[in-house]
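Residue numbers (this note's numbering): 29 to 205. Read through the structure below, which is laid out as structure tokens, and then see the notes.
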């Protein structure tokens with residue numbers, strides 16, 4: 029089938045991208061190498077800036093409370109090997125929520141908005157012919173890679189993952205048309 033976009037990665041970035049594009053009338057397919065969303069060691073706190081970002085996109089954050097999220101007014105963090113307390117001010121708050129619940133909630137919004145998903149999609153090549161990209165049995169006008177930090181690690185850095193106990197994350201910024 030021909031899609032406007034194939035989004036590689038069903039995590040929060042890929043699902044949010046699909047949700048936004050579907051709202052704009054695009055036809056999206058999300059593909060992921062896993063069989064389902066799994067719990068991850070990262071997560072646990074959706075910060076105020078994350079809450080504001082999701083609200084600005086159009087998500088109804090109060091829905092997360094129905095799935096077991098808790099309002100967080102302060103939290104402890106490590107700075108210079110010392111435990112510090114951060115307290116939100118001026119009506120700001122965080123949400124304590126497992127990463128799996130957050131990921132499933134965002135992905136469900138993408139699916140309800142019309143995005144399709146295919147699990148267990150392990151492929152080694154994205155083939156481009158003319159203006160169309162082919163991923164497995166599906167094709168799209170554009171490909172979006174939302175594979176997280178793991179997807180961008182060079183081969184000589186893969187050994188780092190084995191020594192990580194709390195996961196690895198990265199923020200990649202850029203401009204695109």
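Cβ coordinates follow ideal geometry from the N, Cα and C atoms, glycine included.
Any chance the region 33–51 sits against the region 98–112, with 3 or more Cβ pairs inside 8 Å?
no
Hey, out of 69, 64, 168 and 51, whose CA is closest to residue 85's CA?
Position 57 of the chain shown, counted from the first residue, corresponds to residue 85. Selected option, being the one with the closest Cα: 51.
For a quick check, are the C-beta atoms of residue 122 and residue 73 less than 8 Å apart?
As a first step, residue 122 must be located in the chain shown, where it is residue number 94. As a first step, residue 73 must be located in the chain shown, where it is residue number 45. Contact flag set, yes.
Under 6 Å Cβ to Cβ from residue 43, same chain only, skipping five residues before and after it: list those, please.
Stepping through the chain shown from its first residue, residue 43 is reached at position 15. Excluding positions up to five away in sequence, the list reads 134, 135 and 138.
By DSSP, does residue 141 sit in helix, in strand, or in coil?
As a working note, residue 141 is residue 113 in the chain shown. DSSP places residue 141 in coil when its eight states are reduced to three.
Can you find the residues in the same chain that come closer than 6 Å, C-beta to C-beta, to residue 106, ignoring five residues on each side of it along the sequence?
Working through the chain shown from its first residue, we reach residue 106 at position 78. There are no such residues.
Return helix, strand or coil for residue 128, following the three-state DSSP convention.
Here residue 128 refers to the residue found at position 100 when the chain shown is read from its first residue. Note: residue 128 maps to helix in three-state DSSP.
Identify every residue that forms a DSSP beta bridge with residue 161.
Along the chain shown, one-based indexing puts residue 161 at 133. Beta-bridge pairing links residue 161 to 156 and 168.
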